[in-house]
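In short: position in the sequence shown from 1, add 6, done, that's my numbering.
Don't be surprised by glycine CBs; every beta carbon is placed ideally from N, CA and C.
For clarity, every value in this text was computed on a predicted model and none was experimentally measured.
One structure is given here, and the rest of the page talks about it.
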Amino acid sequence: MQENSKQVYVVDDDEIFHFILKKMLEQQSEKLEVTSFLCAEEAIAKLQCLPVTSLPSLIILDMNMQRMNGWDFIEAYRDIQSAIQQQIPIIMCSSSMDMRDMQKVKRTPELKAYITKPLDPSKVKLITDCLA
Numbered sequence: 007m008q009e010n011s012k013q014v015y016v017v018d019d020d021e022i023f024h025f026i027l028k029k030m031l032e033q034q035s036e037k038l039e040v041t042s043f044l045c046a047e048e049a050i051a052k053l054q055c056l057p058v059t060s061l062p063s064l065i066i067l068d069m070n071m072q073r074m075n076g077w078d079f080i081e082a083y084r085d086i087q088s089a090i091q092q093q094i095p096i097i098m099c100s101s102s103m104d105m106r107d108m109q110k111v112k113r114t115p116e117l118k119a120y121i122t123k124p125l126d127p128s129k130v131k132l133i134t135d136c137l138a
């Protein structure tokens, strides 16, 4: 990882979303390093074994995935959070415009924001603002 760069984890089962997001983030800053996870279980496993100095600065999390969805990830994250000893901001990302989902996001303290797909420059700015 580069000096002063920030690590962003993208947890989403859509490879095209990973590609687009990575390209959009690279246009915003060259000091971002994006690590992709196509399933939430892999991201949780990685978080469990990382030293504190290597933790990501932000997690972008898809709400709807196979096997373990975004809400399941939050539950698993809560279980390991005391071991991590650091609050990692999480942005929930989904194509859902359901008000119940948005209300649930507001009631979930680990989530810093909710962005809808498809991405646009204003949503990418919200992501980079969470890294500042």
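Best match in the options for proximity to residue i [C-alpha to C-alpha]
i           : options           : result
residue 78  : 94, 93, 61, 98    : 98
residue 101 : 36, 56, 41, 70    : 70
residue 130 : 84, 29, 112       : 29
residue 62  : 76, 75, 43        : 43
residue 105 : 91, 92, 90, 121   : 121
residue 27  : 103, 56, 91, 68   : 68
residue 107 : 10, 126, 75       : 75
residue 90  : 53, 72, 124, 134  : 53
residue 11  : 36, 31, 86        : 36
residue 20  : 124, 128, 32, 135 : 124
residue 58  : 113, 103, 93      : 93
Cβ-Cβ distance between residue i and residue j below 7 Å
i          : j          : result
residue 95 : residue 64 : yes
residue 17 : residue 49 : yes
Local Cβ density within 10 Å of residue i, reported as buried at 16 or more and exposed below that
i           : result
residue 22  : exposed
residue 118 : buried
residue 55  : exposed
residue 46  : buried
residue 111 : buried
residue 86  : exposed
One or two residues paired with residue i in a DSSP bridge
i          : result
residue 59 : Residue 59 pairs with nothing; no bridge assigned.
residue 39 : 13
residue 96 : 65, 117
Alpha-carbon spacing of residue i relative to residue j, whole angstroms
i           : j           : result
residue 80  : residue 109 : 15 Å
residue 25  : residue 88  : 32 Å
residue 137 : residue 82  : 23 Å
residue 145 : residue 135 : Because the chain spans 7 through 138 in this model, residue 145 falls outside it and cannot be assessed.
residue 133 : residue 73  : 26 Å
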